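Counting from 103, one number per residue, gives the positions in the sequence shown under my numbering.
Following: one structure in structure tokens, then a few remarks.
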Amino acid sequence: MNKLIIDIANEKIFLMVITNLSIYNITHENTKNNYEKLTIIIDDFLLSKNLKIANINAIYINMGPGSFAGIRNSISVVKAFNIVKNIDYYCYNLDDFKDEKDLSYENIPDLCKKYKIKKNLINPIYIS
103 MNKLIIDIAN
113 EKIFLMVITN
123 LSIYNITHEN
133 TKNNYEKLTI
143 IIDDFLLSKN
153 LKIANINAIY
163 INMGPGSFAG
173 IRNSISVVKA
183 FNIVKNIDYY
193 CYNLDDFKDE
203 KDLSYENIPD
213 LCKKYKIKKN
223 LINPIYIS
């Protein structure tokens with residue numbers, strides 16, 4: 103099962119893909135221009151690892167707290183992937199895991215399962 107983690111709520115655009123064999127990640131500057139080409143950034147990242155969006159089984163997306171523009175754009179992209187490719191997504195926020203001592207991106211899928219984060223549910227937390 104291939105999992106994609108997207109975090110655009112923070113200072114950088116962060117992407118991680120977890121496959122059965124490896125874990126890969128990349129960061130980009132968190133700019134308006136990069137928001138507008140987020141699907142291209144994701145596609146290029148996956149292609150660099152010999153993957154396509156069709157190879158992704160689940161997407162995990164940080165819903166904040168964080169940047170309104172980043173969260174809004176990432177929600178739009180993930181909902182489009184869900185509609186077009188029928189990829190389930192899990193929307194978490196870091197407050198969901200505040201009691202975890204070993205919080206890292208690699209653990210997000212397991213933590214979503216542990217804390218029973220519901221799939222395809224969006225509840226963003228914006229910082230004003």
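The C-beta atom is built at its ideal place from N, Cα and C for all residues, glycine as well.
Quantities reported herein were computed from a predicted structural model and do not represent experimental measurements.
- Item | Simplified DSSP state of N104, which is helix, strand or coil | Coil at N104, not helix or strand.
- 8 Å Cβ cutoff met for L106 and I158: Cβ distance < 8 Å, so L106 and I158 count as in contact.
- Task: Leaving out five residues on either side along the sequence, give the residues of the same chain with a beta carbon under 6 Å from the beta carbon of K198.
- Result: Note on residue identity: the sequence assigns Asp, not Lys, to residue 198. Non-local C-beta neighbours of D198 in its own chain, meaning closer than 6 Å and more than five positions away in sequence, comprise Y217, ordered along the chain.
- Query: Is the CB-CB distance between I161 and N132 below 8 Å?
  - Reply: No.
- Task: If I'm right that N136 touches I120 with Cβ under 8 Å, what's the distance once you round it to whole angstroms?
- Result: Taking the Cβ atoms as the reference, N136 lies roughly 22 Å from I120, outside the contact range of under 8 Å.
- Message: Quick check: what's the CA-CA separation for M118 versus N209?
- Response: Taking the straight line joining both Cα atoms gives about 11 Å.
- What residue from L149, D146, L196 has the CA that sits closest to M165's CA? Scanning L149, D146, L196 for the CA closest to the CA of M165 turns up L196.
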